[in-house]
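What follows is a single structure, written as structure tokens, with notes after it.
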Amino acid sequence: MSIEVRHLIHTYSEGSALSVRALNDVSLTIEDGEFLGIIGHTGSGKSTLVQHLNGLLKPTSGQILVDGEDLNGEHVNRRALRQRIGLVFQYPEYQLFEETVAKDIAFGPKNQGLSKEEIDERVRYAMDCVHLDPATYSERSPFELSGGQMRRVAIAGVLAMRPSVLILDEPTAGLDPRGRDRILSMLEELHSREKTTIVMVSHSMDDMARLATRLIVVADGQILASGTPREIFSREDMMVSAGLGVPEASRLCSALRSRGLDLPPDLYRPEELRDHLLRLWHASSPKGKEGSVC
Amino acid sequence: MLKNITMGQYYPVDSPVHRMDPRMKLVLTIIFIVTVFLSHSFVGYLLLLAFLVLACRVSNVPFRLLLKGLRPLRLIIIITFLLNLFFTSGEDVWVSVWVIRITREGFLQALFYSLRLVFLVAGTSLLTLTTSPVALSDGIEMLLSPLKVIHFPAHELAMMMTIALRFIPTLLEETDKIMKAQMARGADFESGNILARAKAMIPLLVPLFVSAFRRAGDLAMAMESRCYHGGEGRTRLRVLKTTRNDWLALLTVLCLLGLIILEGIFLKGVLF
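Those sequence lines, one after another, are chains L and H. End of the first sequence sits at 294 in the working numbering; the numbers just go up one at a time, nothing left out. End of the second sequence sits at 272 in the working numbering; the numbers just go up one at a time, nothing left out.
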């Protein structure tokens, strides 16, 4: 399923004194099966953009085409469409409401009108995706879980609808490193195993470096740049001027380069930086005991 | 969709009336209400109307906003009018069909009592249009503070009002967010019968209540960690001061009251 955004403009409270133009002529295409990262600092319009992708916000002007069909067209069943394009909001744990974890996750599939067996199967599948053991957690109240667990329940609530596109707005905000790592590896699995198209909004460059196959930089309601993470992160000047910065590995790499180390300019993952450094180290030191350290 | 609800009806412009001491405005509103009840003829009403138009001019508030405050009460006003119209006995019969009798006296009385409601609402609207909710609760606190001797919690009451007002926009924003999140999970808030719609509100209300309690707990903690312990010995950011304008306004309203009392003495029963 591909989503195409054409010349999207969105103005909040149009016509009043408080009107704000949040998006200004944004065009982009989300290809089937990609992992798209949307980055931009607070107030750049990222959240407004993703809420258009499943029809929760209506464009002031412009179009959103899902598989070639206008999302805001007259004869489109937006409710059904929202179930194919799952959206996980910022701090989704605040939307939990049921007595038990299983019931809360079943809310989406129930709204899809599925049979009871199908719903149970979906709940198990979703809990499995987010690494929550159904035997332990199904019957517990979502309100007695930890923050990270609650967030995984909320994400499972969207996954249970088996969307073909999953959009997440800052899924790791406010989590501790372990909670963050859990969410990221879960997304990694979904993308590689289930071939789900994923759109993730974040301002953590390290998260993006780990997962995204393509990046879009949003600034002041417009698309500043788009490309592979390697292309984007090698333009450190642009990233800094957009108020963003680059991943830790890129920063370390350019610091080492300025000290005269012979490294490629576009490294952005910790692993590849490690490999290059090891290669340099092996080349410069005599073969033997030091090499065995690694 | 919920952003269109504006809280209260404060009309934020600058005017001598906006700058007045909220305590004085509260007192004047009470005197105005008494004056409306003392007025016994349409001549008195002309005076009241003249005063309202003058006050409106001075406060830079469009007159139609005063009348907008009447909308929620339109049913009560209409019922008052109809009851008085049909159930007042009189001699000068205009219409008489079956059990319905409309008399000249009935018509005048109906007009009189419904106009009384209009004046009450328009006059008090002027207070809320020109006074911000926070200033209003400050004023109420100060006016009620003499009651502290009988252990009336004036400060606590005002603080509760201020906090409640402060959280209304926050909760509206939260509602909007939760609503969208549940819609993204396929929730439907718009179709179905009353029962189905009430049930559809559960996924919205539960998270809203949970977050309201969480916020309340956080706020209480934040206030206590900054040593809040009630109103005792507390100084204020905005010290309320009465100025010459306030006394001038008081004089005007007292003149109105005097005129209405005179009207009551000399014109009583002229139109009835």
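A virtual CB, placed ideally from N, CA and C, is assigned to each residue, including glycine.
- Here DSSP, grouped into helix, strand and coil, assigns residue 230/L to helix.
- Identification of chain H residues near residue 54/L by a Cβ-Cβ cut-off of 8 angstroms yields 184, ordered along the chain.
- Listed in chain order, the non-local C-beta contacts of residue 245/H below 8 angstroms within the same chain comprise 16, 19 and 20, local neighbours out to five positions each way being set aside.
- For residue 89/L, the secondary structure class from DSSP, reduced to helix, strand or coil, is coil.
- Among the CB atoms of chain L, none fall inside 9 angstroms of the CB of residue 173/H.
- In this structure, the straight-line span from the alpha carbon of residue 163/L to that of residue 155/L is close to 12 angstroms.
- Taking 3 residues as the minimum length, the region 152-234 of chain H contains no beta strand (DSSP E) run wholly inside it.
- In this structure, the beta-carbon distance from residue 123/L to residue 106/L falls below 9 angstroms.
- Annotated as proximal: residue 129/H and residue 65/H, with beta-carbon spacing under 9 angstroms.
- Among the residues facing chain H, residue 189/L is not included, as its CB has no counterpart in that chain under 9 angstroms away.
- Residues of the region 155-172 of chain L whose Cβ lies closer than 8 angstroms to any Cβ of chain H, in chain order: 157, 158 and 161.
- For residue 222/L, the nearest beta carbon of chain H is not closer than 9 angstroms to its own beta carbon.
- Taken in chain order, the whole alpha helix (DSSP H) runs of length 4 or more contained in the region 11-69 of chain H are 16-19, 22-38, 42-58 and 63-68.
- Listed as beta-bridge partners of residue 63/L by DSSP are 6/L.
- Under the 9 angstroms criterion on CB atoms, residue 82/L is classed as interfacial with respect to chain H.
- Under the three-state reduction of DSSP, residue 151/L is assigned to helix.
- Residue range 35-39 is occupied by the beta strand (DSSP E) that includes residue 39/L.
- Interface annotation for the region 117-137 of chain H against chain L: empty, criterion Cβ-Cβ distance under 8 angstroms.
- For residue 202/L, DSSP records a beta bridge to 39/L.
- Restricting attention to 190/L, 187/L, 229/L and 220/L, the CA atom closest to the CA of residue 205/L is found in 229/L.
- Within chain H, the residues whose beta carbon sits less than 8 angstroms from that of residue 111/L are 185, 186, 187 and 188, listed in sequence order.
- In the structure shown, residue 75/H adopts helical secondary structure according to DSSP, grouped into three states.
- In the DSSP assignment, residue 24/L falls outside any alpha helix (DSSP H) and within the unbroken beta strand (DSSP E) covering 20-30.
- Counted as a single uninterrupted DSSP element, the beta strand (DSSP E) harbouring residue 93/H occupies residues 93-97.
- The beta carbon of residue 61/L is closer than 6 angstroms to those of 9 in its chain, skipping five residues each way along the sequence.
- Against chain H, a Cβ distance below 7 angstroms from residue 79/L picks out 186 and 188.
- For residue 100/H, the uninterrupted beta strand (DSSP E) segment begins and ends at 100-103.
- Judged by beta-carbon spacing, residue 134/H lies beyond the 9 angstroms limit of residue 88/H, meaning their Cβ atoms are not closer than that value.
- DSSP places residue 214/L in the uninterrupted beta strand (DSSP E) bounded by 214-219.
- The Cβ-Cβ distance between residue 137/H and residue 12/H does not fall below 9 angstroms.
- At a cut-off of 9 angstroms between beta carbons, residue 88/L contacts chain H.
- Going by C-alpha positions, residue 259/H is about 36 angstroms away from residue 152/H.
- For residue 120/L, the enclosing alpha helix (DSSP H) begins and ends at 116-129.
- Distance between residue 142/L and residue 86/L, taken at the CA atoms: about 21 angstroms.
- Chain L places no beta carbon closer than 9 angstroms to that of residue 13/H, leaving this residue out of the contacts.
- Contact check between the region 255-267 of chain L and the region 73-85 of chain L: fewer than three CB pairs, one atom from each, fall below 8 angstroms, which does not count as touching.
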